[in-house]
Structures are given as structure tokens and as C-alpha cells.
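Only one structure is covered here, and it is reproduced in the block below.
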Amino acid sequence: MKLHTTFRIGGKADYYVEPVYEEVKPLFSFLMENNIPYTLIGNGSNLLVSDEGIEGVVVSFGTNLSEIELDGNMICAQAGILLSRLGAFALEHSLAGLEFASGIPGTLGGAISMNAGAYGGEMKDVVRFVTVLEKGEVKRYSGNEMEFSYRHSRILGSDSIVLSVEMELKEGNPSEIQGLMKELNQRRVDKQPLNFPSAGSTFKRPEGYFAGKLIEDAGLKGYTVGGAQVSEKHSGFVINIGGATSKDVCQLISDVQRIVKEKFDVELEPEVRLIGRF
Ligand SMILES: Cc1cc2nc3c(=O)[nH]c(=O)nc-3n(C[C@H](O)[C@H](O)[C@H](O)COP(=O)(O)OP(=O)(O)OC[C@H]3O[C@@H](n4cnc5c(N)ncnc54)[C@H](O)[C@@H]3O)c2cc1C
């Protein structure tokens, strides 16, 4: 699984499949009817996968599920499309509203499940309808029914599978859209340790604080366990400086949580999702 996660960490999956759209429904029916454990992933950019791997079948939604259509100001896209491609498509059609998302290295399905956001924007701002597969049935939820909140939706932690998403954007000026995308991406390059594997922000933002600032103020910038390190560039990121194991990252996360709790009485909750045989 280290080949399928941006952290470059994780043992083997028993089975790994990348279905095309028509195969998704029969595949999940088969897995459920036969009680075969499965794990759905997108681009693996918010995951810490166990060194012991993942039991059962890992289903990956990626390029096989990345069709995209335009209807006026509405974009309908399949769940495996990368947000960078979605952003480029919106720009091509002079549609504004997805600039915040174009630098997030995930798929649309993963972004919906986590209500991904950045620089003041969140997926919930643009989503009108989400088509999901739930207990073998295809359903369509409105944005309001998705129960979006900070890094959360009704999908996260449930058995629902996002198949496609309809998003409403606004007509915009292409050079302004492109300018904003470039500016936000430059901010990422300036602030984030993009030259090391990571899963983005390790912790959610605790109310009233910034996780990175708390970690830095606790003296943990550069704190290292094995191959895992609190980034020197941005303390909110745990990076893989070479050969990090999931055990290293878990130990580092728990040390950071304990020390920040002791110093500031704030609980840090991981944003990164732990999957596999932990
Ligand atoms: C350098 C870097 C920067 C980042 N910056 C940001 C940022 O600014 N903002 C932000 O919010 N995140 C950020 N992230 C984290 C991550 O990119 C997002 O959370 C992204 O939305 C995850 O998408 P994914 O496709 O990689 O999902 P994965 O990591 O593969 O999966 C995440 C969760 O989504 C579920 N999931 C995936 N696809 C589906 C689907 N089709 N249906 C149902 N559930 C599904 C998985 O089961 C899992 O629980 C960053 C990560 C990195 C490495």
C-alpha cells in the first residue's frame, strides 16, 4: 500500500482492485454478499496504512472513475477524478468556485467524504447533489442532506460510497481564476513540506487554536521517531523522512498529543485516517 498512499507507508493489501464505473455496483454486492472485508480509497492522500497491511479487498477509485461533464454552470464528475483535474476543467470553462481545491492532492470522492477545504473554501460550498451507493442501492443526496461540517460528512465512517458529484459553480474571469489558483498553490509551496511524503495536516484544527502553532510552541518542531518527523517547515505536518513505518507515525502522533495536552490542555484529534491491521 505504500505505492498507493502519499505517505509512502503501508504493508500489503490481500487484494487490490481498480474498478470501472459499471463494475462498482456488482463488485460491492459481491463483497457484501460474501462477507468479504473491503476498504475504499481514493488517492490515499489522507491515509496512514498499517505496516501489517489491509485485510480483504482494497477498492481504489481513480482514473477509471474520472469522467466529467458540463451542463451550464454545473459540473458532474465521477468520484475518482483528481481535484487538480477538476480545477483545470473548471478553469477551461471559466467557472469559479473550485480554486481552493485545485491544490489538494485527493480525489473528489475522498474530498466529499472529508469535506476537504483550504483557504476559506470547503467542498460543501459547491456541492449540490451527491450520488452514492448505499447497501447496494443508488441514492442521490442534496448538499444539505450530506451533513457536511469541518472535515466531516455523512459518508465518513459509514458504508456509503460516493459515485459521482454535481457541483454548481459561478461564471468567472479565466485570468482571475487562474491567478487565484496560482497564488494558493504558491502558498502551499512556500508553507508546506511538499518535498517529503506526508498525508497533509496530521491533526484537525482544535477550536480556537492552530495545531501547527501548538506543536511548535510545545517545542516539537523537528521531533523525530524513526523515519517520522514533525516537519521543520510546518509543524502541522508529520513527514516521512525515509523508511518511516506506521508504528513510527503512531508513536510520534501519540507523543505529540500527550505533550500538547500536558502543556496547553488541548486535545489534538488526528485528521489522518488510520486503516488496516492496527
Ligand atoms: C501535501 C498535502 C496537502 C493536503 N492539503 C489539504 C488541504 O488543504 N485540505 C484538506 O482538506 N486536505 C488536504 N490534504 C488531505 C487530503 O488530500 C484530503 O483529505 C483529500 O480529500 C483526500 O482524498 P483522497 O482521494 O486522497 O482520499 P483517501 O485518502 O484515499 O481516503 C480518505 C477517506 O475518504 C474515503 N473515501 C475515498 N473515496 C471515497 C468515495 N468515493 N466514497 C466514499 N468514501 C471515500 C476513504 O474511505 C477514507 O476514509 C492534503 C494532503 C497532502 C498529502
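Numbering (the working numbering), first residue to last: -9 to 268.
In this text, a Cβ means the ideal position worked out from N, Cα and C, and glycines have one as well.
All values derive from a computational prediction rather than experimental measurement.
Candidates K172, V220, E13: which alpha carbon is nearest F186's? Translated into the one-based positions of the sequence shown, residue 186 becomes position 196. Minimum Cα distance to F186 is reached at V220.
Taking the straight line between their C-alpha atoms, what separation do you get for K(-8) and R(-2)? To locate residue -8, count along the sequence shown from 1; it is residue 2. To locate residue -2, count along the sequence shown from 1; it is residue 8. Rounded to whole angstroms, the gap between the alpha carbons of K(-8) and R(-2) is 4 Å.
On the three-state DSSP scale, how would you describe E42? Numbered from 1 along the sequence shown, position 52 holds the residue referred to as residue 42. Coil.
In the DSSP assignment, find the unbroken alpha helix (DSSP H) run with Q230 in it and report its ends. What you label residue 230 is simply residue 240 of the sequence shown in a count that begins at 1. Sequence check: residue 230 is Asn here, not Gln. No alpha helix (DSSP H) holds N230; the beta strand (DSSP E) holding it covers 227 to 230.
Closer than 7 Å to a non-hydrogen atom of ligand 3 - does that hold for the CB of A108? As presented, the structure is devoid of ligand 3, carrying ligand 1 as its sole ligands.
Inter-residue Cα distance where the pair is Y109 and E124: Numbered from 1 along the sequence shown, position 119 holds the residue referred to as residue 109. Numbered from 1 along the sequence shown, position 134 holds the residue referred to as residue 124. Approximately 32 Å, taken between the alpha carbons.
Span of the alpha helix (DSSP H), counted from its first residue to its last, around V250: Position 260 of the sequence shown, counted from the start, is the residue given in the question as residue 250. Here the alpha helix (DSSP H) through V250 covers 236 to 254.
Spatial neighbours of S154 within its chain, please: C-beta separation below 7 Å, excluding the five flanking residues on both sides. Numbered from 1 along the sequence shown, position 164 holds the residue referred to as residue 154. So the qualifying residues of the chain are C66, A67, Q68, A69, T121.
Of the choices I243, Y140, R195, L98, whose alpha-carbon is the least far from that of K211? Walking along the sequence shown from the start, residue 211 turns up at place 221. Its Cα nearest to that of K211, the residue I243 stands out among I243, Y140, R195, L98.
Sequence-distant residues of the same chain with beta carbon closer than 6 Å to I229, five excluded per side: Indexing the sequence shown from 1 puts residue 229 at position 239. Same-chain partners within the cutoff: P183, F186, S188, Q219, S221.
Whose C-alpha, out of E257, M136, E166, is nearest the C-alpha of R195? Reading the sequence shown from its first residue, position 205 is the one you call residue 195. Nearest of E257, M136, E166 to R195, Cα basis: E257.
Which residues mark the beginning and the end of the alpha helix (DSSP H) in which I102 is found? The count along the sequence shown starts at 1 and reaches residue 102 at position 112. Here the alpha helix (DSSP H) through I102 covers 98 to 104.
Using only CA atoms, which one of K160, K2, T97 lies nearest to E45? Along the sequence shown, read from residue 1 onward, the residue named residue 45 stands at position 55. For E45, the nearest C-alpha among the options comes from K2.
Roughly how far, in whole angstroms, is the beta-carbon of G216 from the beta-carbon of T235, given that I think they are within contact range, below 8 Å? As a first step, residue 216 must be located in the sequence shown, where it is residue number 226. As a first step, residue 235 must be located in the sequence shown, where it is residue number 245. Taking a contact as a CB-CB distance under 8 Å, the pair G216 and T235 counts as one, their CB atoms being some 6 Å apart.
Taking 8 Å as the CB-CB cut-off, is P27 touching chain C? Going by chain labels, chain C is absent from the structure shown, which holds only one protein chain.
Going by beta carbon distance, what residues of the same chain come within less than 6 Å of L170, once the five residues before and after it are set aside? The residue you call residue 170 lines up with position 180 of the sequence shown. For L170, where only same-chain residues beyond five positions count, the Cβ hits under 6 Å are E89.
Rounded Cβ spacing between N76 and L98 (contact assumed at less than 8 Å): Numbered from its first residue, the sequence shown carries residue 76 at position 86. Numbered from its first residue, the sequence shown carries residue 98 at position 108. In the sequence as displayed, the identity of residue 76 is Leu instead of Asn. Rounded to whole angstroms, the Cβ separation of L76 and L98 is 6 Å, and the two are in contact under 8 Å.
DSSP beta-bridge partners of P260: The count along the sequence shown starts at 1 and reaches residue 260 at position 270. F193, per the DSSP bridge assignment.
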